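**Student:** Below is one structure. I have some questions about it.
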Amino acid sequence: MDWFLALLLGYALGTIPFGLLLTLAAGKGDIRALGSGNIGATNVLRTGSKWLAAATLLLDLAKGYLAVWFAAGWWPEAAGLAALGAVLGHCFPVWLKFKGGKGVATTAGVCFGLGWPIGLAYAAVWIGMLAVTRISSLGGMSAAIAAPIAAAALGRMELVPVLAGIAAIVLFMHRANIARLRAGTEPRIGRKG
Numbered sequence: 004m005d006w007f008l009a010l011l012l013g014y015a016l017g018t019i020p021f022g023l024l025l026t027l028a029a030g031k032g033d034i035r036a037l038g039s040g041n042i043g044a045t046n047v048l049r050t051g052s053k054w055l056a057a058a059t060l061l062l063d064l065a066k067g068y069l070a071v072w073f074a075a076g077w078w079p080e081a082a083g084l085a086a087l088g089a090v091l092g093h094c095f096p097v098w099l100k101f102k103g104g105k106g107v108a109t110t111a112g113v114c115f116g117l118g119w120p121i122g123l124a125y126a127a128v129w130i131g132m133l134a135v136t137r138i139s140s141l142g143g144m145s146a147a148i149a150a151p152i153a154a155a156a157l158g159r160m161e162l163v164p165v166l167a168g169i170a171a172i173v174l175f176m177h178r179a180n181i182a183r184l185r186a187g188t189e190p191r192i193g194r195k196g
């Protein structure tokens, strides 16, 4: 029962669509009708509001962290399932007909929740790749792949399966981005097209 409750808690927190709620509250309209149609921070940035995008990123990160934090307090052995639930909730929210974000910021939050060194490795790869390439999707996918590797390197082998599963979800959510990367048409942050 603890495992189920942890997964459910994570999913419930993950489904809060901060990008959509913030853009609606700011009078920017429905973010799902703009750009990629995604509710995450990268698409929120397309509204022209950097503060809305930053707030979305931080709140999506926070819900991932809180899911793990609450679960670790109530069901320590099931914190990993809360992490998985949070990412699933963000990517497939029941309230939005299972069409959510791509899970990058929420994954950052769960990584910090599972262990700050894992979160630090995730953030370093994410920010580093983004700084070098200016391609948001490449930074997010690279960070997701780095997380289970970091967990293994740190001796947290019990976290490797859940982080590998989360990485697979993030990659699945980026399948269109992967196709554009292969075609050389993936947009860069700060440039049009």
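Take 4 as the starting number for the sequence shown in the numbering used here and just add one per residue.
We put the CB at the ideal spot given by N, CA and C, even for glycine.
Predicted, not measured: the structure shown is a model, and the values here were computed from it.
(1) Give the straight-line distance between the Cα atoms of S145 and G32, rounded to the nearest whole angstrom.
(2) What does a CB cutoff of less than 8 Å around A154 pick up in its chain, not counting 5 residues either side in sequence?
(3) Alpha carbons only, please: which of N180, F7, L184 and A149 is nearest the one belonging to G83?
(4) Just the Cα atoms here: how many angstroms apart are A57 and I152?
(5) If I follow the unbroken alpha helix (DSSP H) through G104, where does it start and stop?
(6) Determine the contact status of Y68 and V113, defining contact as a CB-CB distance below 8 Å.
(7) Given a threshold of 16 other Cβ atoms within 10 Å of its Cβ, counted over all protein chains shown, does G88 qualify as buried or as exposed?
(8) From D5 to T188, what does the alpha carbon distance come to, in whole angstroms?
(9) Would you say G92 and A15 are within 8 Å of each other, going by their C-beta atoms?
(10) State buried or exposed for I19, treating a residue as buried only when at least 16 other CB atoms are found within 10 Å of its CB.
(11) Tell me whether W78 sits in a helix, a strand or coil according to DSSP, three-state version.
(12) Give, in chain order, every unbroken run of the alpha helix (DSSP H) that is at least 4 residues long and sits entirely within the stretch 119-171.
(13) On the criterion of 16 or more Cβ atoms from any shown chain inside 10 Å, does A9 qualify as buried, or is it exposed?
(14) Just to confirm the assignment, what range does the alpha helix (DSSP H) spanning V97 have?
(15) Would you kindly report the start and end of the unbroken alpha helix (DSSP H) that includes T26?
**Tutor:** Taking the structure as given:
(1) So the two alpha carbons sit approximately 31 Å from each other.
(2) Excluding residues within five positions, the ones whose Cβ falls inside 8 Å are L117, G118, I121, M160, L162, V163 and L166.
(3) Nearest in C-alpha terms to G83, of all of N180, F7, L184 and A149, is F7.
(4) A straight line joining the alpha-carbon of A57 with that of I152 spans about 27 Å.
(5) Note, G104: premise wrong, no alpha helix (DSSP H); not H, not E.
(6) Yes, Cβ-Cβ distance for Y68 and V113 is below 8 Å.
(7) Buried is the call here.
(8) Approximately 45 Å between the Cα atoms of the pair.
(9) The beta carbons of G92 and A15 sit closer together than 8 Å.
(10) Classification of I19: buried, given that the 10 Å Cβ count is 16 or more.
(11) Secondary structure at W78: coil, using DSSP grouped into helix, strand and coil.
(12) Taking 4 residues as the minimum length, the alpha helix (DSSP H) runs contained wholly in the stretch 119-171 are 119-136 and 139-156, in order along the chain.
(13) That one is buried.
(14) Note, V97: premise wrong, no alpha helix (DSSP H); not H, not E.
(15) Segment F21 to A28, the alpha helix (DSSP H) holding T26.
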